[in-house]
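For reference, the structure discussed in these notes is given below.
Protein chains: 2
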Amino acid sequence: MKATLLTVGDELLIGQVIDSNAAWIAGQLYLLGIGVARKISVGDNLPDIIEAVERSFQDTDMILMTGGLGPTKDDVTKKALMQYFDCELVFSEETYERIRKIFEKRNIPLREAHRNQCFLPEKAELLFNRLGTAPGMWFESNGKILVSMPGVPYEMKYIMEHGVLPRLKDRSGTILLQKTIRTIGVGESSLADMVEPLLMESPVKIAYLPSIGQVRLRLSIEGQSADGLQELLEEKVSLLERELGSIIFGYDETTIEEAIGQMLRQRKLSLITAESCTGGYLAHLITSVPGSSDYFTGSIVAYSNSIKTSILRVSPKTLERWGAVSKQTVEEMVRGALRSSEADLGIAVSGIAGPGGGSDDKPVGTIWIAVGDIDNIITKEYLFTKDRIINIKYTGIYALDLLRKFLLAR
Amino acid sequence: MKATLLTVGDELLIGQVIDSNAAWIAGQLYLLGIGVARKISVGDNLPDIIEAVERSFQDTDMILMTGGLGPTKDDVTKKALMQYFDCELVFSEETYERIRKIFEKRNIPLREAHRNQCFLPEKAELLFNRLGTAPGMWFESNGKILVSMPGVPYEMKYIMEHGVLPRLKDRSGTILLQKTIRTIGVGESSLADMVEPLLMESPVKIAYLPSIGQVRLRLSIEGQSADGLQELLEEKVSLLERELGSIIFGYDETTIEEAIGQMLRQRKLSLITAESCTGGYLAHLITSVPGSSDYFTGSIVAYSNSIKTSILRVSPKTLERWGAVSKQTVEEMVRGALRSSEADLGIAVSGIAGPGGGSDDKPVGTIWIAVGDIDNIITKEYLFTKDRIINIKYTGIYALDLLRKFLLAR
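Quick mapping for you: the protein sequence lines, in order, are chains S and V. Heads up: take any position in the first sequence, counting from 1, add 647, and you land on the numbering used here. Heads up: take any position in the second sequence, counting from 1, add 647, and you land on the numbering used here.
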């Protein structure tokens, strides 16, 4: 089975929005062994949508579409699909009732535009959208499938996960197994040097997926039958584990913040952070994990020196002598954070995120991180990039990694 | 002039990489008044590339391509272009010398794969790439233009900015003007009801670009000459400003966190935040703005009740009687935060981000926000969604909006 991804929206053609929907859908289909032949984006424009659909069905069996279903007039996907599938709109009582209840609950009057969203092509099977007003639509004729979904990413994901992927799973012919090894702190090309010799001439393929401070190694193996595939894959995974050691922090969808959370939970330890240059991003990373309140007590974001001295009790002399971006300051920040709460462990970060504030001595991108408990603190200095947001993200990720190393060594 | 954007790479079709190149190029062309008719992504696959090029030249005058020029064996763009333009490869001494020097400087041996990158289609005019090994290529025949660039974003941008955009600027015929009005706190369809009657039959077009808690209204007008276009656009902008009033927080690329920063800076006021459910995200939003240390002192992320009572001095009785998610608690959190620092203004948030922790009384998505100074605090209750990350983001955005309203009313 081959698919085309079709994303609709003028905003995609003028660069106002990056098409993350198509990438996410492609990733999901890949896991089912469904290849994407092509991605196309067109504007909110009837003939272009119809032409793209006709063209795509010439050589693919399935089109997954997003966008163009909102209540405003620039959304023409529904009209295009009516025309392509040659059918009328019918009023969906079920959809209307659902929308009515959403608005009732939020105490907002229901508008004409929303009533119009309940008129849907009669040949479409509707896919439940728990998170928004427009349902997804599943069309099927002559062995070809077209699915149309809203462009709002979380609505699209809900419909994919609940209405689309389970069905497609049953229909896919090839068996594809995969395992993602998640690594931290080592660059893509160094990893490749370590890993490539182990995978020579193997049916197990590898892909490198770098992000800030991390590389995911995706191993995959394909076959018409399941026989022996799993064993081949696991053998290579063990081989890589021996080679990479503690560079690996987790597998598949596990993020570094989840891995840290699991370690803290297992060891029944609690954590507090004290942040300067990350400005809350480190705490945000940690608290993006559901249930993190079990081990995370909080963060003192000491953006000004006055909060560093008042709440974190960093000595004004330390700030004066060594500066806010120094080994001494981050050590005192950890101690102050631990004293201000009942947490077992603390992380502190201070650095020059940029664009301003750099000097010859401490250029933009200079970051100090400290991790420890009341008896024992380790510190490390880093030099990241010239970009503010990237520096903030690097610092958050490397701070979590330093905590991981501290816990591993305990 | 109409363009097709063609991005090449298997990684785009399996969801490994989000296609940010196409969005960036589209944005640059838009500023020159060059419309993008379509974006296509295909794999590293000769027939698919050639077919996409043939197909695109049927209805557009220009193709901007990225990807498939690297030194690894899966890159086939060059072969496809040789075949399409029916020409041979010739060795480029100039490119070889440039690459040789780069490697010499970095002290890395030059590999065969890099020498191969110096064989380039003879019909291509080479575009200088200061940041990488593969040059850009400009093909032109029968009034049609094809530009091929590497997929590495910063290399592509260098070639676009130095080799491609200056030339295209001279050739573009149409003039396109645009202005984006940024709104907050009102949904897309309610906005449409307010705005649509004002733009009936107008040559000024509108598009709605929603994101969490916000909608960007993009107004645009096109013409063959500049005469009167700016006036028409400005007239509509004023009309919308009168209708929408304080729903508008800024224009074009201004984010809500920047708008808040500008207001605080102008009024010489400083801000502290006290966060429970947002877990640092609110501070992260604020500190993602360069220079925010001028007005932001920090944040107390009081994830545990013990930090609420110790550092923020929320009364244990308040927590017991009203709960951590209550009007009373967020008010005390603001006061405590203000007392703990020298900041003029405080924001406090507390809520149930989910997925756990909800009850009949206070379901997941219930959030309290308080904003104020030492004399005067306003509070508001919200009910957002069932999704943890979305709730965190909504809360951050609405907290900034409540601060904005507080400042506007002062």
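C-beta: ideal position from N, C-alpha, C; glycine also.
Query raised in the report: Alpha carbon to alpha carbon, what distance is there between S872 (chain V) and A824 (chain S)?
Result: Looking at the sequence itself, residue 824 (chain S) is Leu, so the reference to Ala does not match. Each residue's CA atom was taken as its position, placing L824 (chain S) and S872 (chain V) some 58 Å apart.
Requested in this report: For D1034 (chain V), decide whether its Cβ has a neighbour in chain S, counting only Cβ atoms nearer than 9 Å.
Outcome: Among the CB atoms of chain S, one or more fall inside 9 Å of the CB of D1034 (chain V).
Query raised in the report: Does the separation of the CB atoms of I947 (chain V) and S987 (chain V) fall below 9 Å?
Result: Yes; because the gap between Cβ atoms is below 9 Å, this pair is in contact.
**Report entry** Contacts that H761 (chain S) makes with chain V (C-beta to C-beta distance below 9 Å)
**Finding:** Those are S836, listed as they occur along chain V.
Query raised in the report: Going along chain S in order, which residues have a C-beta closer than 7 Å to the C-beta of H809 (chain V)?
Result: For H809 (chain V), none of the residues of chain S pass the 7 Å Cβ criterion, the least Cβ distance being about 19 Å.
Query - Rounded separation between R818 (chain S) and E843 (chain V) - CA only - result: When rounded, the distance between both Cα atoms is 44 Å.
Requested in this report: For L1055 (chain S), count neighbouring C-beta atoms within 10 Å of its own C-beta (all shown protein chains included) and say buried if the count is 16 or more, exposed if not.
Outcome: The residue is exposed, with fewer than 16 neighbouring Cβ atoms inside 10 Å.
Report task. State the Cα-Cα distance for the pair P1010 (chain V) and G1004 (chain V), rounded to the nearest angstrom. Result -> Near 8 Å, if we compare the C-alpha coordinates of G1004 (chain V) and P1010 (chain V).
Query - Proximal chain V residues relative to K725 (chain S), where beta-carbon distance stays under 7 Å - result: Neighbours of K725 (chain S) on chain V: none; closest Cβ ~15 Å, over 7 Å.
Query - Straight-line gap, S893 (chain V) to E979 (chain V) (C-alpha atoms, nearest Å) - result: When the Cα atoms are used, S893 (chain V) and E979 (chain V) turn out to be separated by approximately 28 Å.
Query raised in the report: Roughly how many angstroms separate the alpha carbons of N668 (chain V) and P800 (chain V), rounded to a whole number?
Result: The C-alpha of P800 (chain V) is placed about 6 Å away from the C-alpha of N668 (chain V).
Query raised in the report: What does W671 (chain V) touch in chain S if you count any residue whose Cβ is under 7 Å from its own?
Result: Residues of chain S passing the Cβ test: G662.
Query raised in the report: Under the DSSP definition of a beta bridge, which residues are partnered with G870 (chain S)?
Result: Its beta-bridge partners are S:I822.
Requested in this report: Would you tell me roughly how many angstroms separate the C-alpha atoms of I1039 (chain V) and C924 (chain V), rounded to the nearest one?
Outcome: When rounded, the distance between both Cα atoms is 7 Å.
Query raised in the report: Closest Cβ-Cβ distance between K720 (chain V) and chain S: below 9 Å?
Result: Because the pLDDT at K720 (chain V) is just 48, under 50, the model does not fix this residue reliably, and the point stays unresolved.
Requested in this report: Check each candidate in V:T956, V:P813, V:H809 and V:A1046 and name the one with the smallest Cα separation from I903 (chain V).
Outcome: Among V:T956, V:P813, V:H809 and V:A1046, the Cα nearest to that of I903 (chain V) belongs to V:A1046.
Query raised in the report: Does T775 (chain S) get closer than 9 Å to chain V when you measure Cβ to Cβ?
Result: Strictly speaking, residue 775 (chain S) in this sequence is Phe, with Thr absent from that position. Put simply, the CB of F775 (chain S) is far from chain V, with every gap to its CB atoms at 9 Å or more.
Query raised in the report: Going by DSSP, which residues form a beta bridge with W1015 (chain S)?
Result: Its beta-bridge partners are S:S997 and S:E1028.
Query raised in the report: Buried or exposed: which applies to Q909 (chain S), given that a residue is buried once 16 or more other Cβ atoms fall within 10 Å of its Cβ?
Result: So Q909 (chain S) counts as exposed.
**Report entry** Reduced DSSP category for R914 (chain S) - H, G, I as helix; E, B as strand; rest coil
**Finding:** Coil, per DSSP.
Report task. Excluding the 5 residues preceding and the 5 following T830 (chain V) in the sequence, name in chain order all residues of the same chain whose CB lies nearer than 8 Å to its CB. Result -> L838, Q861, V862, R863, L864, L891, I894, I895 and F896.
Report task. Would you kindly check if the distance between the Cβ of G926 (chain S) and the Cβ of A1000 (chain S) is under 9 Å? Result -> In this structure, G926 (chain S) lies closer than 9 Å to A1000 (chain S) by Cβ.
Requested in this report: For F943 (chain S), decide whether its Cβ has a neighbour in chain V, counting only Cβ atoms nearer than 9 Å.
Outcome: True, the Cβ-Cβ gap to chain V drops below 9 Å.
Requested in this report: Go through its chain and collect everything with a Cβ distance to K720 (chain V)'s Cβ below 7 Å, but skip five positions before and after it.
Outcome: Here the model assigns K720 (chain V) a pLDDT of 48, short of 50, so the residue's position is not dependable, and the following value carries that caveat. Taking K720 (chain V) as the centre and dropping the five residues before and after it, the same chain places no C-beta closer than 7 Å to its C-beta.
Query raised in the report: According to DSSP, is L679 (chain V) helix, strand or coil?
Result: Looking at L679 (chain V) - three-state DSSP - the assignment turns out to be coil, as it is neither helix nor strand.
Query - Cα-Cα separation between A670 (chain V) and I954 (chain V), rounded to whole angstroms - result: Answer to the nearest angstrom: the Cα atoms are 44 Å apart.
Query - Rounded separation between L767 (chain S) and P718 (chain S) - CA only - result: Approximately 12 Å between the Cα atoms of the pair.
Requested in this report: Would you kindly work out how many angstroms separate the C-alpha atoms of Y855 (chain S) and E658 (chain V), rounded to a whole number?
Outcome: When the Cα atoms are used, Y855 (chain S) and E658 (chain V) turn out to be separated by approximately 10 Å.
Query raised in the report: If you draw a straight line from the C-alpha of H931 (chain V) to the C-alpha of I933 (chain S), how long is it?
Result: Approximately 13 Å between the Cα atoms of the pair.
Query - Outcome for M796 (chain S) when other beta-carbon atoms lying within 10 angstroms are tallied against a minimum of 16 - result: By the neighbour-count rule (16 or more Cβ atoms within 10 Å), M796 (chain S) is buried.
Query raised in the report: Which residues, in order along the segment 991 to 1011 of chain V, keep a beta-carbon less than 7 Å from a beta-carbon of chain S?
Result: Of all residues in the segment 991 to 1011 of chain V, P1002 and G1003 have a Cβ within less than 7 Å of some Cβ in chain S.
Query - Cβ-Cβ distance between T1026 (chain V) and G1012 (chain V) below 9 Å - result: Between T1026 (chain V) and G1012 (chain V), the C-beta gap is not smaller than 9 Å, which leaves the two residues out of contact.
Requested in this report: For chain S, find out if any of its Cβ atoms is closer than 9 Å to the Cβ of S973 (chain V); answer yes or no.
Outcome: S973 (chain V) does not count as touching chain S.
Query raised in the report: Taking the alpha-carbon positions, what's the K852 (chain S) to K883 (chain S) distance?
Result: Answer to the nearest angstrom: the Cα atoms are 10 Å apart.
Query raised in the report: Do you know offhand how far E769 (chain V)'s Cα is from I710 (chain V)'s?
Result: Near 19 Å, if we compare the C-alpha coordinates of I710 (chain V) and E769 (chain V).
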